[in-house]
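Worksheet: the structure to be examined is printed underneath.
Residue numbers (the numbering used here): 13 to 82.
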């Protein structure tokens, strides 16, 4: 796991249970994931995106290794 992946996973875990501040449309999931993984999205926005539980669930299933904790 590289530095960016660790940062994203840490933000996701910290913000997944916070009150939703931004709803992500399902058609945006893949494009947002590409931007997140290529370090084009600032940490503050990543944190906000992960308050959407559906997006968090989709992203974590797709990109976080099972059993690997930050």
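The beta carbon of each residue, even a glycine, is placed where N, CA and C say it ideally should be.
Checklist entry - Is the distance from the Cβ of residue 75 to the Cβ of residue 28 below 9 Å? => result What you label residue 75 is simply residue 63 of the chain shown in a count that begins at 1. What you label residue 28 is simply residue 16 of the chain shown in a count that begins at 1. No, the Cβ-Cβ distance between residue 75 and residue 28 is not below 9 Å.
Item to check | Burial state of residue 39, where buried means 16 or more other Cβ atoms lie within 10 Å | outcome: Here residue 39 corresponds to residue number 27 of the chain shown, with the count starting at 1. So residue 39 ends up on the exposed side.
Next on the checklist: My assumption, with CB atoms under 8 Å, is that residue 63 sits in contact with residue 34. Please give the rounded CB distance.
Outcome noted: Counting from one through the chain shown, the residue named residue 63 turns up at place 51. Counting from one through the chain shown, the residue named residue 34 turns up at place 22. Right, the Cβ-Cβ distance comes to about 6 Å (below 8 Å), so this counts as a contact.
Next on the checklist: Buried or exposed, going by whether 16 or more other CB atoms sit within 10 Å of the CB of residue 52?
Outcome noted: Locating residue 52 in the chain shown gives position 40, counting from the first residue. Exposed: under 16 other Cβ atoms inside 10 Å.
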